[in-house]
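Numbering (our numbering), first residue to last: 138 to 316.
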């Protein structure tokens with residue numbers, strides 16, 4: 138048995154297991170950035186390992202092309218893969234500066250969640266917002282609840298949350314309106 142043959146099947150199993158487990162974790166939104174990296178890199182390595190496995194087992198692999206069920210499954214896999222990239226994406230593109238994406242993400246969180254981000258309590262954030270004129274501020278409210286989806290208005294509200302202006306890189310309150 139050649140050295141490559143000793144490794145081909147165990148590597149196929151190992152890479153499949155890693156990609157499978159990280160894929161399931163990713164699907165259920167329980168993944169870290171290291172997990173994403175592992176999924177992508179091991180996924181690429183898996184492609185190399187699979188090609189190696191097919192080459193080493195070509196004689197057995199050829200027999201699948203004589204079985205109608207095997208051919209149907211292979212064709213279905215190819216059609217689904219190609220089809221997924223031919224169908225136009227229905228998800229609207231989110232362009233723009235990355236800080237807008239961050240503001241948008243945090244704007245969906247209530248003040249209780251935002252408290253630790255600003256190194257304070259939700260009640261203190263409510264006080265800051267009330268002082269800045271946001272009369273509907275409550276601990277269970279989000280910035281989006283208070284100002285809507287306008288990013289500029291959200292930035293102004295976040296500026297009010299950062300009492301010393303540090304929340305906008307030290308630009309101070311009102312910086313969002315000037316920019």
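We put the beta carbon where it would ideally sit given N, CA and C, even for glycine.
Its Cα nearest to that of residue 187, the residue 152 stands out among 239, 152, 250, 161.
Your pair residue 249 and residue 276 checks out as a contact, with CB atoms roughly 5 Å apart and the cut at 8 Å. Note on geometry: alpha-carbon atoms of residue 159 and residue 175 lie some 8 Å from one another. Cβ atoms of residue 251 and residue 262 come within 8 Å of each other, at about 6 Å.
Judged by DSSP secondary structure, residue 205 falls within the alpha helix (DSSP H) whose first and last residues are 205 to 223. DSSP places residue 258 in the coil class of the three-state scheme, outside both helix and strand. Between residue 240 and residue 291, the C-beta spacing is below 8 Å.
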